[in-house]
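Chemist: Quick one: structure below, then a few questions.
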């Protein structure tokens, strides 16, 4: 949603109406994942894409029908290999695309959530277009026509909102829905104003993460040293976490200080949270010493199993930049649920984009 929201806003400001096409599900080698969007204005202007150019023309035609008063529609492009070039999907994949508007209250609220960089999901019935907006821990807006169905959809929506993944789901009664998720860029809290942290901030920015640097030593934690950090917090871990709004499931934590006073304090707080990833730098000897200290502070072996230490994938990196690359690679692998090995040694799809 965030990919097209600026253009939708610009069209609205100019008095133009718009429809939105969303990829619902894909099979085989379709080029865009569920949730990918294309917006179509009532004057024919287009923003975004649902297939990388393969079926956009057909989707635009249906969007124009919807804008003219027609009902929302679910489109299926099932491309046999021998027909692929004729239809425009030379990859031989299949995609389903939902074409509708966001003119009702849940749709408008979903667009506003994307503007605000918030987290939530718009659940759309794929038979009649009914909308239910779900925000984790917040009230719902709209409905799917049945209270029990709304409850079931809300559970699925909250699960996927935290997984940051849009999906087609089948609910009770064979009711098919699109759970369309919007979420802020993932957050990375880095403890330690060291050279590795500066390189990690740069790579995190390039990967569209939001890096924050924490270190109580103001002499080292400066904007000049960390130009790519979203913010620099010159406080001890407990105060820093509070200032940054706490730790949720979409927060990753990298402890790089080599200072037991900072390392242990940050890890103890992180392990009591829902953090999606906790990593710590240091040699294997340093890791063992840290483990003993944390056990003495009352943590358990089960707690310590959550720490990825030594941090990063085994790339053999030597420089600060190469070390940062190994850390960032592990962060991406964990976020996407992959082991992080070599693609040549893996089987199955390279990109998990649907059923």
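In the working numbering, the protein residues as written are 1 to 355.
Backbone N, C-alpha and C fix where the C-beta goes; we use that ideal spot for every residue, glycine too.
Values in this document were obtained by computation on a predicted structure and should not be read as measured data.
1. Would you identify the three-state DSSP class for residue 166, choosing helix, strand or coil?
2. In terms of alpha-carbon separation, which member of 302, 77 and 43 lies closest to residue 59?
3. Residue 141 and residue 105: beta carbons closer than 8 angstroms?
4. In chain order, which beta strand (DSSP E) runs of at least 3 residues are fully inside the stretch 209–289?
5. Rounded to a whole number of angstroms, what is the C-alpha to C-alpha distance between residue 74 and residue 178?
6. In angstroms with no decimal places, state the Cα-to-Cα distance between residue 282 and residue 344.
7. Count Cβ pairs between the stretch 277–294 and the stretch 309–325 that sit closer than 8 angstroms; are there 3 or more?
8. Going by beta carbon distance, what residues of the same chain come within less than 8 angstroms of residue 46, once the five residues before and after it are set aside?
9. Please tell me whether residue 192 and residue 294 are closer than 8 angstroms, where the distance is taken between their beta carbons.
10. According to DSSP, is residue 1 part of a helix, a strand, or is it coil?
11. Report the three-state DSSP secondary structure of residue 22 (helix, strand or coil).
12. In angstroms, rounded to a whole number, what distance separates the CA positions of residue 23 and residue 103?
13. When DSSP builds the beta bridges, which residues end up paired with residue 73?
14. Looking at the strands, I want to know which residues DSSP matches up with residue 181.
15. Mind reading off the beta-carbon distance from residue 19 to residue 66? Whole number of angstroms is fine, and I expect it under 8 angstroms.
16. Quick check on residue 299: does DSSP put it in helix, strand or coil?
17. How about residue 38: is its C-beta nearer than 8 angstroms to some C-beta of chain C?
Modeler: In brief:
1. The answer is coil: DSSP assigns residue 166 none of H, G, I, E or B.
2. Checked all of 302, 77 and 43; the closest Cα to residue 59 is 77.
3. In this structure, residue 105 lies closer than 8 angstroms to residue 141 by Cβ.
4. Within the stretch 209–289, the complete beta strand (DSSP E) runs of at least 3 residues are 210–214, 231–233, 251–255 and 277–280.
5. Spanning the alpha carbons of residue 74 and residue 178 requires a straight line of approximately 11 angstroms.
6. The alpha-carbon separation between residue 282 and residue 344 amounts to approximately 30 angstroms.
7. Yes: the two stretches touch, three or more of their Cβ pairs being nearer than 8 angstroms.
8. Correct list, in chain order: 38, 39, 40, 56 and 60.
9. Between residue 192 and residue 294, the CB-CB gap reaches or exceeds 8 angstroms.
10. Here DSSP, grouped into helix, strand and coil, assigns residue 1 to coil.
11. Three-state result, residue 22: strand.
12. One C-alpha to the other measures close to 19 angstroms.
13. Paired residue(s): 99.
14. According to DSSP, residue pairing for residue 181 in a beta bridge involves 121.
15. About 5 angstroms separates the two Cβ atoms, so the contact holds.
16. Three-state result, residue 299: coil.
17. Absent here is chain C; the protein component of the structure consists of one chain.
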